[in-house]
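One structure is given below, encoded as structure tokens.
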Amino acid sequence: MFAQEWPLIFFTLLGQFAAGTFIFMMIARYQLKTRGMTDLKWVSKGLLTLMGVMAVAIALSMFHLGSLGNAIYTVMNLGSSWLSREILFAGLFFGLLFMTYMFERTEKPLGVISVLTGAVGIGAVFTMASVYATTIIPAWTHLNTYVGFFGTMVVFGAIGLGMIIRLYDSSSLAKEQYVLFMKKASLAAIAAVIIQLVMMPVYLTGLAGGGPAAQMSLQVLFDGNVWLMISRWLLTIVGGSLLIVSFYKARKTISVKMPAFVYVAVAFILAGEFTGRYLFYLSGIPMNIG
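In our numbering, the protein residues as written are 748 to 1037.
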């Protein structure tokens, strides 16, 4: 694994965290407002936080490209390069986050701008996946790349929403409307994990039946990294299970003081997703090597 890939790991993870969290935030904001809850002070602060996350993600992408000049030059190839589209969508998403924040601060309706920002966020994740799915690396040119990237977006979105509400308006987590929405968000995250698990044997079977490069990728995953693969899913599943239990059994405690097991749960999920992305890059063996 090359050192230049570390910024890409964090760029993709942070970008998917920002996109997923924004979407969950806007859905939560809409549903809570329709139920008569208007004191949503966590929204504007959450948007600021996501702007910071996305700014860090874009800065990390600059490390991979080498300079701002290279990034500008790369964007000029929008018609033929997924990397160009990725940079464009990441920048647009950051700009629209700022616009959404300004709309929220000035109490303007967020309907159109939030839908547009969410769509661009999804587009950013799609372009991230397409950068890899259109390479000559068999381990990446599979539907699993899209499933994995969007799965991470959903899982991180559910976690990010909970973290933002806990950070900026912890007392609300004990309210029935919030608990109900977080349960729905947790179910969405579970569904995303299940879909990835279902895709995994299909993906591995495809590698096994592929050419030399695909089989080398499979060998990389199973020779010395099989326990890392198992740990990736165990961390995510155990962490997710702990979070679900927390919303059902310890919601009042969470609103006052966060139990230690909730921090452990979030750490498990973050570690699981990071491990999954690490393995993704580790498996990247191009056909001309195989």
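Ideal Cβ placement from N, Cα and C applies to all residues, glycine included.
- Just measuring C-alpha positions, the residue of Gln924, Phe969, Phe1015 sitting nearest Gln778 is Gln924.
- Of Ile906, Ser808, Gly898, Ala1018, the smallest CA-CA separation from Ser831 is found for Ser808.
- Straight through space, the alpha carbons of Leu981 and Thr888 are spaced by roughly 25 Å.
- Distances from the CA of Ser933 to each of Val992, Leu1029, Ala837 were compared; the closest alpha carbon is that of Val992.
- Within a 10 Å sphere around the beta-carbon of Asp786 sit fewer than 16 other beta-carbons, which makes this residue exposed.
- Residue Phe845 holds the alpha-carbon nearest to the alpha-carbon of Ile860 among Phe928, Phe845, Val1013, Arg913.
- Per DSSP, reduced to three states, the secondary structure at Gly865 is helical.
- Taken atom to atom, the span from the alpha-carbon of Thr952 to that of Ser964 is near 12 Å.
- Selection Met946, Ser988, Gln763 evaluated against Thr874 yields Gln763 as nearest (Cα-Cα).
- The C-alpha of Leu890 lies about 20 Å from the C-alpha of Gly868.
- Per the Cβ contact rule, the region 903 to 916 is not in contact with the region 880 to 887 (fewer than 3 Cβ pairs under 8 Å).
- When DSSP states are grouped into helix, strand and coil, Gly783 belongs to the coil group.
- Distances from the CA of Leu755 to each of Ile1032, Arg1024, Met946, Pro1033 were compared; the closest alpha carbon is that of Arg1024.
- Only residues of its own chain outside the window of five on either side were considered, and among them Pro885, Leu954 have a CB closer than 6 Å to the CB of Ala961, listed in chain order.
- Contact annotation: the region 783 to 800 does not touch the region 929 to 943, with fewer than three C-beta pairs closer than 8 Å.
- Put simply, of Gly1019, Ala804, Val973 the residue whose alpha carbon is nearest the alpha carbon of Val985 is Gly1019.
- The C-beta distance from Phe903 to Ala876 rounds to 15 Å, too long to fall under 8 Å, and the pair is not in contact.
- Of the residues Leu920, Pro948, Phe757, Tyr879, the one whose Cα lies closest to the Cα of Ile1032 is Tyr879.
- Looking only at Thr759, Phe810, Met772, Thr796, the smallest Cα-Cα distance to Phe836 is reached by Thr759.
- For Lys930, the enclosing alpha helix (DSSP H) has its first and last residue at 923 to 955.
- Taking Leu794 as the centre and dropping the five residues before and after it, the same chain places the C-beta of Leu844, Thr847, Tyr848, Glu851 closer than 7 Å to its C-beta, in chain order.
- Judged by beta-carbon spacing, Ile937 lies beyond the 9 Å limit of Val1013, meaning their Cβ atoms are not closer than that value.
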